[in-house]
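Chemist: I have a structure I would like to understand better, so I am pasting it below and will then ask my questions one at a time.
Numbering (the UniProt record's numbering), first residue to last: 1 to 407.
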């Protein structure tokens with residue numbers, strides 16, 4: 001029987017045993033990994049390759065990027081690591097995603113953090129958003145509170161519109177406020193190659209599974225070197241300062257991190273098959289605009305915002321539905337429930353999924369542009385939406401609500 005105790009196999013470039021363990025895997029120093037059969041192990045080179053592939057899309061260094069499961073996890077990671085003091089306030093917009101709002105609410109219950117909401121309703125221009133933000137900061141200061149951090153989006157979830165995140169980051173820097181960008185609809189959707197070098201937010205999180213064609217769930221958390229000291233851990237003293245931040249996210253127990261390693265393959269597909277990031281963005285925005293206009297034409301309604309509106313510079317389009325509360329014989333309190341019923345009807349009976357919301361007094365749908373869509377898909381969507389609206393006008397939604405109430 002031959003011995004392989006620390007000897008170099010003819011097919012290996014690194015000696016098996018302690019050398020390959022320390023050089024190629026992420027086990028803690030002093031740990032004896034004797035249970036591979038339960039949890040397995042993967043070479044840390046795979047994670048480095050993913051970081052190196054993604055970082056240029058964010059204008060960042062690989063050491064400034066780590067992976068988490070989704071944008072909500074990233075937002076929580078940042079907010080729950082910051083050292084808030086009595087009187088500190090988190091500013092956010094009324095369009096902020098629900099899970100982020102719940103995190104802010106949770107923080108306010110656990111510590112002395114306050115929140116300040118900035119109300120906006122689309123259509124609205126970027127200058128007005130910036131004006132309201134500055135007014136909100138002054139209002140917080142007038143209450144003898146400290147505007148500590150502002151959270152805002154790259155592209156809103158609903159309505160699906162481009163948000164002036166670059167200008168807001170610049171304003172935050174001017175006013176000495178930390179900026180946290182929720183870029184759930186970010187990488188793969190809009191150009192972010194200037195993020196780290198030009199925009200320079202304090203924190204940024206973006207889902208990779210939404211627009212980068214990576215399997216769920218995978219998101220990139222960008223924390224520039226200057227702010228990595230703010231992400232703390234009880235293990236901090238045991239880690240070398242050079243790679244402290246990255247190592248915090250290397251060990252995630254049994255959470256499935258397989259999607260993290262798909263990034264180079266996904267980017268390869270986007271380059272080889274689709275022609276690259278710029279070409280993908282160009283087509284997605286083009287088909288969203290063309291398809292949105294055609295959908296509105298068939299529905300006899302309108303697209304949210306003029307064609308020249310800056311907030312339309314994304315791969316979403318929002319179209320008003322031909323349905324009013326008067327036609328439903330309902331008041332505004334029923335709008336949300338009707339929209340939810342229509343939205344759930346689309347996958348249940350129409351082999352699609354179209355987000356529908358009651359927003360600013362009307363029913364709106366949000367449609368995503370993507371490389372696998374043509375104008376025919378938008379025309380089909382319009383006919384589907386017409387049918388769904390017709391069913392709503394017959395009062396079908398009432399019976400569903402009634403049944404749910406008594407079940």
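Backbone N, C-alpha and C fix where the C-beta goes; we use that ideal spot for every residue, glycine too.
Tell me the DSSP secondary structure of residue 14 in three-state form.
Modeler: Coil at residue 14, not helix or strand.
Chemist: Are the beta-carbon atoms of residue 250 and residue 26 separated by less than 8 angstroms?
Modeler: It is a contact, given that the beta carbons lie within the stated cut-off.
Chemist: Expressed to the nearest angstrom, what Euclidean distance is found between the alpha-carbon atoms of residue 292 and residue 315?
Modeler: Straight-line Cα distance between these residues: approximately 11 angstroms.
Chemist: Looking at C-alpha atoms only, which residue of 354, 246, 93 and 225 is the closest neighbour of residue 122?
Modeler: Closest by alpha carbon: 93.
Chemist: Would you say the region 388-397 touches the region 325-341, given that touching needs at least three Cβ pairs under 8 angstroms?
Modeler: With a cut-off of 8 angstroms, the region 325-341 and the region 388-397 count as touching, because enough Cβ pairs lie within range.
Chemist: Compute the beta-carbon to beta-carbon distance between residue 45 and residue 24, rounded to the nearest angstrom, for a pair I have assumed lies under 8 angstroms.
Modeler: About 6 angstroms separates the two Cβ atoms, so the contact holds.
Chemist: DSSP beta-bridge partners for residue 357?
Modeler: Looking at the DSSP assignment, residue 357 forms a beta bridge with 364.
Chemist: Going by the DSSP bridge assignment, what does residue 67 pair with across the sheet?
Modeler: BP columns for residue 67 point to 220.
Chemist: State the beta-bridge partners of residue 306 as determined by DSSP.
Modeler: None, per the DSSP bridge assignment.
Chemist: Give the DSSP bridge partners of residue 320, in chain order.
Modeler: Paired residue(s): 364.
Chemist: Would you report the Cα separation of residue 184 and residue 18, rounded to the nearest angstrom?
Modeler: Distance between the alpha carbons of residue 184 and residue 18: 40 angstroms.
Chemist: For the putative contact between residue 274 and residue 369, defined by C-beta atoms under 8 angstroms, what is the C-beta separation to the nearest angstrom?
Modeler: Going by Cβ atoms, the distance from residue 274 to residue 369 rounds to 13 angstroms, so no, they are not a contact pair.
Chemist: With distances taken from CA atoms, which of 348, 87 and 187 is nearest residue 384?
Modeler: Per the Cα distances, 348.
Chemist: Under 6 angstroms Cβ to Cβ from residue 74, same chain only, skipping five residues before and after it: list those, please.
Modeler: Hits under 6 angstroms: 68, 205, 219 and 221.
Chemist: Can you round the beta-carbon distance between residue 84 and residue 106 to whole angstroms, since I take them to be within the 8 angstroms contact cut?
Modeler: Wrong, their Cβ atoms sit about 12 angstroms apart, outside the cutoff.
Chemist: Secondary structure at residue 313, three-state DSSP: helix, strand or coil?
Modeler: Residue 313: coil per DSSP, three-state reduction.
Chemist: Fully enclosed by the region 26-110, which alpha helix (DSSP H) runs are 4 residues long or longer?
Modeler: Correct list: 36-39, 44-54, 71-79 and 98-110.
Chemist: Which residue comes first and which comes last in the alpha helix (DSSP H) that contains residue 456?
Modeler: As shown, the chain starts at 1 and ends at 407. That puts residue 456 outside it, with no answer to give.
Chemist: Leaving out five residues on either side along the sequence, give the residues of the same chain with a beta carbon under 6 angstroms from the beta carbon of residue 188.
Modeler: Within the same chain, residue 188 has close Cβ partners 211 and 212.
Chemist: In chain order, which continuous runs of the alpha helix (DSSP H) of length 4 or greater are located wholly inside the region 152-190?
Modeler: Within the region 152-190, the complete alpha helix (DSSP H) runs of at least 4 residues are 165-175.
Chemist: Label residue 305 either buried or exposed according to how many other C-beta atoms from any shown protein chain fall within 10 Å of its C-beta, with 16 as the threshold for buried.
Modeler: The residue is buried, with at least 16 neighbouring Cβ atoms inside 10 Å.
Chemist: Using a 10 Å radius around the Cβ and a threshold of 16 neighbouring Cβ atoms, would you call residue 86 buried or exposed?
Modeler: By the 10 Å Cβ count, residue 86 comes out exposed.
Chemist: Please state whether DSSP places residue 249 in a helix, a strand or coil.
Modeler: In this structure, residue 249 counts as coil in the three-state DSSP scheme.
Chemist: Using a Cβ-Cβ cut-off of 7 angstroms (strictly less than) and excluding sequence neighbours within five positions of residue 350, which residues of its own chain qualify?
Modeler: Excluding sequence neighbours, residue 350 sits near 384.
Chemist: Between the Cα of residue 56 and the Cα atoms of 195, 287, 352 and 312, which residue gives the shortest distance?
Modeler: Of the candidates 195, 287, 352 and 312, the one whose C-alpha sits nearest the C-alpha of residue 56 is 195.
Chemist: State the Cα-Cα distance for the pair residue 59 and residue 367, rounded to the nearest angstrom.
Modeler: Cα to Cα, residue 59 sits roughly 29 angstroms from residue 367.
Chemist: How many angstroms separate the CA atom of residue 264 from the CA atom of residue 51?
Modeler: The alpha-carbon atoms of residue 264 and residue 51 are separated by roughly 9 angstroms.
Chemist: Between the alpha carbons of residue 191 and residue 167, how many angstroms are there, rounded?
Modeler: Residue 191 and residue 167: Cα-Cα distance of roughly 15 angstroms.
Chemist: Could you name the residues that DSSP lists as bridge partners for residue 203?
Modeler: Bridge partners of residue 203: 180.
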